[in-house]
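Residue numbers (our numbering): 7 to 274.
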């Protein structure tokens, strides 16, 4: 059984880290979302109202990040018992990160749907967005894009977290000590940037599905992918790659650095 003190540390540290990132880098996320929107960057608001949707992001950031890290630390510890060999560590990290994302998406997706629709000017407040979505689409509307979000997040974390853990191990071995929070932040920045670039097409598909307001079932992943290729070309699949890589590289350094620092402080 996982000790309750470890669980509390992961929960609190994850919540602190998630809120820090979402608040500090929100304008970059808005720019990325508007670049990916079907209507285009300027029609979706350009540089106006760059903090639209921040309230929804803040509401979901702490519980979403806490759910991820609580699940990640638990699954990593349990999987390490089953696969203790050094060569299995990347597999353990992929499994733990995937489980963490599935747990986090239960919280994250509804707030992400509201946030992205506010970022592109569909709604001006969280209450207005919730009323409109629930009235026209029901609870299903709040989870529009849930499958696509998991489909994006699992490859992302399967790239990011094994790299992050490997970078920390190598850095620690080189210096003969545990990494400091700022060093963990740098490892997270590099790992996050690589993962962000590789998964940008999946992020574009997720954004398009979440922004769709048509009634009935959500647009399918393949349907959305085929539509983009046919009507806009393959380059659209990399829309917003610059802001996404920059945002996640910075976000990864803040998120993982604050997480490691908060866990260290909570152990005192």
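Heads up, the beta-carbon is just placed ideally off N, CA and C, and yes, glycines get one too.
What number of angstroms, rounded off, separates the C-alpha of residue 233 from the C-alpha of residue 239?
Locating residue 233 in the chain shown gives position 227, counting from the first residue. Locating residue 239 in the chain shown gives position 233, counting from the first residue. In this structure, the alpha-carbon of residue 233 lies about 9 Å from that of residue 239.
Would you grab the beta carbon distance between residue 117 and residue 200 for me? Rounded to a whole angstrom, and I think it's under 8 Å.
To locate residue 117, count along the chain shown from 1; it is residue 111. To locate residue 200, count along the chain shown from 1; it is residue 194. That pair is no contact at about 26 Å.
Just the Cα atoms here: how many angstroms apart are residue 87 and residue 69?
The sequence position of residue 87 within the chain shown is 81, counting from 1. The sequence position of residue 69 within the chain shown is 63, counting from 1. Residue 87 and residue 69 have their C-alpha atoms spaced approximately 27 Å apart.
Rounded separation between residue 23 and residue 71 - CA only:
Here residue 23 corresponds to residue number 17 of the chain shown, with the count starting at 1. Here residue 71 corresponds to residue number 65 of the chain shown, with the count starting at 1. Between the alpha carbons of residue 23 and residue 71 lies a gap of roughly 7 Å.
Hey, residue 193 and residue 180: beta-carbon distance below 8 Å or not?
One-based indexing of the chain shown puts residue 193 at position 187. One-based indexing of the chain shown puts residue 180 at position 174. By the CB criterion at 8 Å, residue 193 and residue 180 fall outside the cutoff.
For residue 172 and residue 129, the rounded distance between their alpha carbons:
On the chain shown, residue 129 is found 123 positions in, with the first residue counted as 1. On the chain shown, residue 172 is found 166 positions in, with the first residue counted as 1. Between residue 129 and residue 172, the C-alpha separation is close to 42 Å.
Let me check understanding here. Comparing Cα to Cα, which of 253, 185, 237, 221 lies closest to residue 270?
The sequence position of residue 270 within the chain shown is 264, counting from 1. When only C-alpha atoms are compared, the closest one is 185.
What residue does the alpha helix (DSSP H) around residue 134 start on, and which one ends it?
Numbered from 1 along the chain shown, position 128 holds the residue referred to as residue 134. Element bounds for residue 134: 132 to 142.
Can you find the residues in the same chain that come closer than 7 Å, C-beta to C-beta, to residue 8, ignoring five residues on each side of it along the sequence?
Along the chain shown, read from residue 1 onward, the residue named residue 8 stands at position 2. Unreliable positioning characterises residue 8 in this predicted model, as indicated by a pLDDT of 45, which lies under 50. A coordinate reading is not provided.
With contact counted as at least three CB pairs below 8 Å, one residue from each stretch, are the region 143 to 162 and the region 205 to 223 in contact?
Taking one beta carbon from each stretch, the region 143 to 162 and the region 205 to 223 have 3 or more pairs nearer than 8 Å; the two touch.
Using beta-carbon positions only, say whether residue 204 and residue 165 come within less than 8 Å of one another.
Position 198 of the chain shown, counted from the start, is the residue given in the question as residue 204. Position 159 of the chain shown, counted from the start, is the residue given in the question as residue 165. Contact: yes.
If you draw a straight line from the alpha carbon of residue 85 to that of residue 47, how long is it in whole angstroms?
Counting from 1 along the chain shown, the entry for residue 85 is found at position 79. Counting from 1 along the chain shown, the entry for residue 47 is found at position 41. Rounded to whole angstroms, the separation of the alpha carbons of residue 47 and residue 85 is 43 Å.
Can you check which of these residues, 126, 102, 244, 91, is closest to residue 78 by C-alpha distance?
Residue numbering aside, residue 78 sits at position 72 when the chain shown is read from its first letter. Checking every option, the nearest Cα to that of residue 78 belongs to 102.
Rounding to the nearest angstrom, what Cα-Cα distance links residue 241 and residue 105 in this structure?
Residue numbering aside, residue 241 sits at position 235 when the chain shown is read from its first letter. Residue numbering aside, residue 105 sits at position 99 when the chain shown is read from its first letter. When rounded, the distance between both Cα atoms is 31 Å.
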